[in-house]
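Sequential numbering from 1 applies to the sequence shown in the numbering used here. For glycine and all other residues, C-beta sits at the position ideal for the given N, C-alpha and C. First comes the structure, then the notes that go with it.
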Amino acid sequence: MAQTLSRSWRGFARLFTAASAIALASCGGGSQDNVAQTFHMVNNAGMKIQAATAEAAADQNLLPWVNPFIGTKIGNPSPDNQGTGGAVGNTFPGATLPFGMVQYSPDTGYGEFYAFGGYNYDKGVLQGLSLVHSSGTGCTIQQDISMLPIVGNIGVSPGTHIENYQVGFSHANEQAVPGYYRVGMNNGVNTELTVTRRTGFGRFTWPATNDATMILNTGRNGVGARSAQLEIVGNDSVQGFVETGGVCGGGGYFVYFYGQFDKSFASFGTYQGDTITAGSRTAARAKNNGGWVKFAGGGQVRLRIGVSYVSTANAKLNMQTENPNWDFDGLKASAQSTWNSTLNKVQVTGGSNDDRTKFYTALYHSSLHPNLFSDVNNQFIGFDNKIYSTGGGWDKYATFSGWDIYRSQVQLIGWLSPKVASDMAQSMVVDAQMGGGGYPKWPTANDDTCVMVGDAGAVIVANLYAFGGTAFDTTAALGYMEKAATQPGVHSRNCETRPGLSEYLSRGYIPMGSSGVWGPSATTLEFALADSAIGQFAGALGNTAKRDLYFTKAQAWKTLYSNNSGYIHPRDTGGSFKNGFDRAVDGGDFVEGNSAQYTWMVPQNYRGLIDHMGGNAAAVARLDEHFTKLDAGPASPYAFMGNEPEHGSPWAYNFAGAPYKTQSVVRRILTDLYRNGADGLTGNDDLGATSAWFVWGALGLYPEIPGLGGFTIGSPLFPSTVVRMGNGRTLTINASNAGANGTYIQSMKVNGAASTSTWLPLTGLASDTTLDFVLGSAANTAWGSAPGDAPPSFDAPRTNTRATSFSSDFESLAAQPDWNDTVDFQANVGGYCCGLNHMETSVRRENVAHSGSTALMYSGMDNDATRSFSYNKVFDVNIAVTSTTKLSYWVYPQSSATHSRYVAVDLIFSDGSSLRDSGATDQNGVRVHPEFQGRGGRLVNDQWNNVQSNIGQWMAGKTIVRILVAYDQPGATGNFRGYFDDIQITP
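As C-alpha cells, this is what we get:
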C-alpha cells in the first residue's frame, strides 16, 4: 500500500506487509517490528540526466596504467601529522568495483597506525583478507569479515593470537590490478580475489595437504569489533555478522555475510577469546571470536561470499544473485571490464609513463567511495535502524568522508557519473531525514561518527548537484540544509551538525574556547563556506532571496580577518582578537592546520580576501611566500598540501591576476608530491580526496567555488585529453608542448575562439567542446591577468540597480560589515589594545547594543596633539541620494576613554566627495563631521545618542558607495572607545 507521493516528497511510503518484515534481533541488530519501507525518489521537473549523444573514442585498455599500490607505503610519518596526512596514503591494493559495497583486500595488520587501509607495503606478512575497507582514512576503520588461508592446525586462538598464524609473502609474488588481486604466500597458498558489487569471490589453491585451513577471524577488525557471530552452515557454508564502530571508532553498525565454498569441509571449529572448540558450529555473539574450516587434500577451493548491512538473508541473496555460478575468471573479466569503462571516461594521450600511471591511479582511487549500501532487493538499513527499500529507482550509498571529499572529489563524480552522483545526493537526504534533520559529517554505514568539523554534507549535496547529479529530491535537500544552518541543536544521530551555531548566528563568528567546538576559527570558516554552497544551491533552484541571504551569511570570514595581523585571527566572546597570536600555531583555534593555512580557505570570495590583504600585488606576494614549501605540515606558516584545507589555495593566484603562478605551483605539486610508487601520496587519500586533486590538476581544471558548476583554469599535463562527460558530451583538451617544458599557458582557445578567461563555467560544456592550449617553458604574465579574466567571487549581494535605503543593526541576519578593522586613511592613530596598531572597528556583543545584542565597536589611541584622524571602511553600498534622503545612527561614547565623542558616520560618494566635507548638519545643527560632533557638546558619554541628518539637502543626486566610521580630533592625545548601532539611510 505505497502512498502516493507529491513532487515535493512527503516522506517515506511504507509497506507494512508481513511478507516484507525482516527481524534483526536474532542477527544482532534492529528489532522484531522492523519492516521494509519503500522510499520513492521523486525527481524535480527538468532534472533528468541526459543520455549519451556524442561519439567518443573507442575504449583503450587502461588497466595497466593503474598501480593500486600507490599510497600503501608509510612514508616519513610524524606524530605531529597523525590524522592530517603525515606522508601516508593509507590506501589498499585489493579487489573492488567503482563505488562497490565490497573491498576484498589483504591485511598486513589490524588498526595499524599509518596503515588504516589495512595494508603496510613494507610489512611483508598477511594477517587476513577482509571484505570491507576504506581507502586513505586518517584513523582506524573497517577491515570487516576477515579470513586467512593457512597450512596447519589451530593451536592457540586466532582471536587473541593472530600473529601466530600470519603468513609471509613477497611483492614479487603479488599482483594488483583494478578488480583483481593475487598473492602467492610463503606457505604455498596461492590466493586470488575478485568481486561483484556486493560480493567477494576468492580462489585459493593450497599445496597437496590435509591441513588446508581457512581461518574465519570474524571478531577481529581495524577498529576493534564490539562483537561478532559466526555460524558454520552444513558442510560448505558460513554466515554471521560483525558489530563495530565506524571511522575512528565513532558510531556503530552491523555488517552481515553469507559465504559458500565449492568444497565440503573435512572438519571445523570455533573459538571464543582464548577458548578453542573443535567441532563447534557456532561462535556466539561476543568479542574476539571466529572459527575455521578445513579441506581434505588441499588443492583449489573457491569461496563466494555476499555482504549486506541488513541481514544474513540479504547477504545470501546478494551472493546468489550476483554470483550464481562459480566462474571466477568470468567475474574477474567482468570486474576489469567495469573498471576499464570507468577509466575510459577520461582518456589521456602522451606524457610520461609515470605521469599516466599517476593519473589513472588517481582516477581509480577517486572512484572507490562512497559505497553502495542497498542490496539487490533494494533494501537498506536506515539511520534510524529500520529497514527501507529504494523501490528500485535508485541505489543507496554510504561512507562519505565529508570534510575531505566535498572539496573536489564529489564534483568529479557528478561530472562523470551523474546517475551515481544523484543517488549519492539522495542518500544524504535520506540520512538527514532519518538521522535527526542534519546531514551527517562522516557517516560509516548507517551511523554518523561526528568526525571532523563544519557542515560538509550540505556542501557535498550542493556540489553533486552543481556538477550534474540533479536527479534527487532537491526541495527536501534545501530544507535540511537550511534547518541545520538556522536552528542550533540539529543533529545527525548523536552528532550535532553545527556545534557553535548559536554563537555563529549571533556574532558572525565562533569565539575561541567555545565549548564543544573543535577549532572555532576553522569551524567559522567551514560554516561560511557551507553557507555559500547553500546559497549557490538555492539560486540554482530559482530561489534568489535565499541565495542572497546565504551569500551574505557566507561572509562570516570577514569577522575573523584582522587587518592588523593580516590573517584569520581568533576572537574572544567580547570580540577582542587573540593576544599572542602566531600564524603558525594551531592554538586550539584551527583544525589540522593553522591561520597561515586557513586564511586562504575562502574559495567563495577570493576577491574579497585579496582586497582585504591590500590588493593583487600584496596577495600574490603572500602566496609566493606561502608556497616556498609545498607540504610543510600543520605547524608551519607554509603550505600544507598533504591535507584538504589547502587544496584550493594554489588556484588563488587566478583571482589575483597572476594565473601563471597557479600554473607553476600546481605543476610543482603534481611533480613533487605525487609519485608512481607505494609511497606516492604525500598525505591520507581520504576516500579519494587527495587523488581527485591530482586528476583535476593534470586536466588543468579545478572546481574551486563551492556549489557552483565550473572550473578555474590551469595548464594541462598531457598533450591530449578526451573527457566523456556525464551529460553525454565530450570535452577535448589539446595542449601543445605539454610536459616537462610546458608549464605555462601561452594562449588558449575555446572552440576555436581565443580566450584569456581563467574560468570555464559548466554551462559552457553543454555541447561538445574543445580547449586548445599552447604551453611553454616561460611564463606569459599577461595571459589571464586582466580583472575580467578572473573567476567569479561571491560577496554579499549588491544589486546593480542603485538602492534608495540601507539598514544594519549588526545582528546576524542584518547586513554585515564588508570591512573589519580596515583603515581607509588615517594619521597618528594607533590601537587601543590587543596588539592593534590602528583604529579598531569590529562587530561586538557586549550587552550594550542599542537594539538586539550586537553593535559595532570603535576604539583607538590618538598619538599626536596636533592632528590625528582615522577613517575606517565598514560597508560598500550603492545608494541613490534624493532630496529627502536621511541618515540616522546611534552612538555610545564610553567615558573610560578620553576622546570617545569625536566620532561620526561618514559617507563616500561616487564622485569622490564625502559627507564630512559637505557641510551637512544633524538635527541639532552640528556638522556631521567627527571633530564637530566631538566639540558640539551634544553627545553624552555612557549613553546612546541618536544622530540624524537630512543629507539630501546637501547631497541630492549623488550616489553613496561606502559607509565609514571615523575619528577626527586635532587637539590632544588620548584614547577613545565606544559603539555604533542601527545605522539607517532612508529615502
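Cα-Cα separation between residue i and residue j, rounded to whole angstroms
i	j	result
Val874	Thr523	24 Å
Arg356	Val348	8 Å
Gly382	Val429	12 Å
Ala284	Ala315	19 Å
Pro792	Ser352	34 Å
Thr732	Leu717	14 Å
Ile232	Leu62	41 Å
Val293	Ala632	50 Å
Tyr606	Val453	22 Å
Gln103	Phe116	14 Å
Pro761	Phe467	10 Å
Thr160	Asn217	10 Å
Val151	Thr137	33 Å
Met101	Val132	8 Å
Ser859	Ser808	20 Å
Arg977	Tyr114	53 Å
Phe909	Asp818	17 Å
Tyr119	Gln166	13 Å
Ala51	Ala735	Below a pLDDT of 50, predicted positions are generally treated as unreliable, and Ala51, at 37, falls in that range; the measurement from the model is reported next regardless. Near 29 Å, if we compare the C-alpha coordinates of Ala735 and Ala51.
Phe980	Ser949	16 Å
Asp624	Trp600	13 Å
Gly614	Ile963	19 Å
Gly657	Asp795	18 Å
Gly788	Glu840	33 Å
Thr194	Lys263	19 Å
Leu549	Gly330	55 Å
Cut-off 8 Å between Cβ atoms - residues of its own chain near residue i, not counting five sequence neighbours on either side
i	result
His369	Phe99, Ser134, Ser135, Thr399, Phe400, Ser401, Ile405, Leu687 and Gly688
Ala425	Ile460, Val461, Leu464, Tyr465, Gly469, Phe472 and Ala477
Lys629	Ser636, Tyr638 and Ala639
Leu765	Met725, Asn727, Arg729 and Leu731
Beta-carbon separation (whole angstroms), residue i vs residue j, contact threshold 8 Å
i	j	result
Ser506	Asp431	About 29 Å separates the two Cβ atoms, so there is no contact after all.
Thr91	Thr72	5 Å
Met434	Asp395	With a Cβ gap of about 17 Å, Met434 and Asp395 do not count as contacting.
Ala1010	Phe537	Nothing about residue 1010 can be read from this structure; the chain reaches only from 1 to 987.
Phe241	Tyr256	5 Å
Gly202	Thr191	7 Å
Ala335	Tyr180	7 Å
Gly298	Pro149	Between Pro149 and Gly298 the Cβ distance is about 10 Å, and since that is not below 8 Å, they are no contact.
Other residues of its chain near residue i: CB distance less than 7 Å, five sequence neighbours each side excluded
i	result
Gln60	Asn344 and Gln347
Asn737	Val774, Leu775 and Gly776
Gly574	Arg844 and Glu846
Asp423	Trp394, Asp395 and Tyr397
Phe69	Pro93, Tyr121, Ala176 and Ala678
Asp80	At Asp80 the pLDDT is 48, less than 50, meaning the model places this residue with poor confidence; the figure from the coordinates comes in the next sentence. The residues are Gly633, Pro634 and Ala635.
Contact set for residue i: own chain, Cβ-Cβ below 6 Å, skip 5 residues either direction
i	result
Arg927	Thr921
Ala596	Arg583, Ala584 and Pro637
Pro570	Met512, Ser521, Lys578 and Asp589
Pro970	Arg867
Cβ contact (3+ pairs, closer than 8 Å) linking the segment 369-386 and the segment 699-716: no
Unbroken stretches of the beta strand (DSSP E), 3 residues or longer, contained in the segment 876-903: Correct list: 886-893.
Runs of beta strand (DSSP E) wholly within the segment 494-556 (minimum 3 residues, chain order): Listed in chain order, nothing qualifies, since the segment 494-556 has no complete beta strand (DSSP E) run of 3 or more residues.
The segment 558-569 in contact with the segment 627-642 per 3-pair CB rule at 8 Å: no
Complete runs of the beta strand (DSSP E) confined to the segment 336-413 [at least 3 residues]: Counting whole runs of 3 or more residues, the segment 336-413 contains the beta strand (DSSP E) stretches 346-349, 379-381 and 387-389.
Sufficient close CB pairs (3 or more, under 8 Å) joining the segment 509-524 to the segment 437-447: no
Inside the segment 596-655 only - alpha helix (DSSP H) runs reaching at least 4 residues: Runs of the alpha helix (DSSP H) lying entirely within the segment 596-655 and spanning at least 4 residues, in chain order: 606-613 and 616-626.
Every unbroken beta strand (DSSP E) inside the segment 82-152 [3 residues or more]: 103-107, 128-132 and 144-151
Three or more C-beta pairs below 8 Å linking the segment 290-306 and the segment 202-220: yes
Meets three-Cβ-pair contact criterion under 8 Å: the segment 827-841 and the segment 733-753: Taking 8 Å as the limit for Cβ pairs, the verdict is that the segment 733-753 does not touch the segment 827-841.
Three or more C-beta pairs below 8 Å linking the segment 666-683 and the segment 707-724: yes
Three or more C-beta pairs below 8 Å linking the segment 268-287 and the segment 308-322: Flag = no, the segment 268-287 and the segment 308-322 do not touch.
The segment 356-365 touching the segment 690-697, judged by at least three CB pairs closer than 8 Å: yes
Whole runs of the alpha helix (DSSP H) within the segment 461-493, excluding any shorter than 4 residues: The DSSP assignment places 474-486 as complete runs of the alpha helix (DSSP H) inside the segment 461-493, in order along the chain (cut-off: 4 residues).
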